[in-house]
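For the sequence shown, UniProt numbering gives the first residue as 1, with consecutive numbering after it.
All C-beta atoms, glycine included, are put in the ideal place defined by N, C-alpha and C.
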Amino acid sequence: MDFVADQLSTGNKFRILTVVDTYTRECLAADIGVQLRSENVVATLTRLCRERGAPNRIHCDNGSEFAGQMTDLWAYTNKVTLAFSRPGKPTDNA
């Protein structure tokens, strides 16, 4: 789970929350928005759990959207382990 950022030709910036199954490499979600926050992450994860069931573990970086209280509470409530990348090791997210 990670964010991708880009910019339109008009200069408007946007972000995409991507959720990819590590084993199958299937893209489970790609939610687009100008401002994506913890609330959006939790809403996406909740929707995916309803559709596919909760995973045992989610790998993500240490971004504030993933390391915040709201995401942590969601993970605890759904018995999901959040596995964070090591700081300074961007290859962990590859």
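Check the Cα spacing between K79 and each of V20, P55, S38: the tightest is with P55.
Taking a 10 Å sphere around the C-beta of V34, we find fewer than 16 other C-beta atoms and assign the residue as exposed.
CA-to-CA, the gap between S9 and R15 works out to about 15 Å. The Cβ neighbour count for T77, taken over all protein chains shown within 10 Å, is under 16; the residue is labelled exposed. Runs of beta strand (DSSP E) with 3 or more residues, each lying fully within the UniProt domain "Integrase catalytic" (1-94), are found at 2-7, 13-20, 27-33, 57-60, 81-84, listed in chain order.
Residue nearest to T44 within the set W74, D6, Q69, S64 is W74 (criterion: CA-CA distance). Under the criterion of beta carbons closer than 8 Å, H59 and A83 qualify as touching, at roughly 5 Å. Each of D31, T22, G11 was checked against the Cα of F3, and the nearest Cα belongs to D31.
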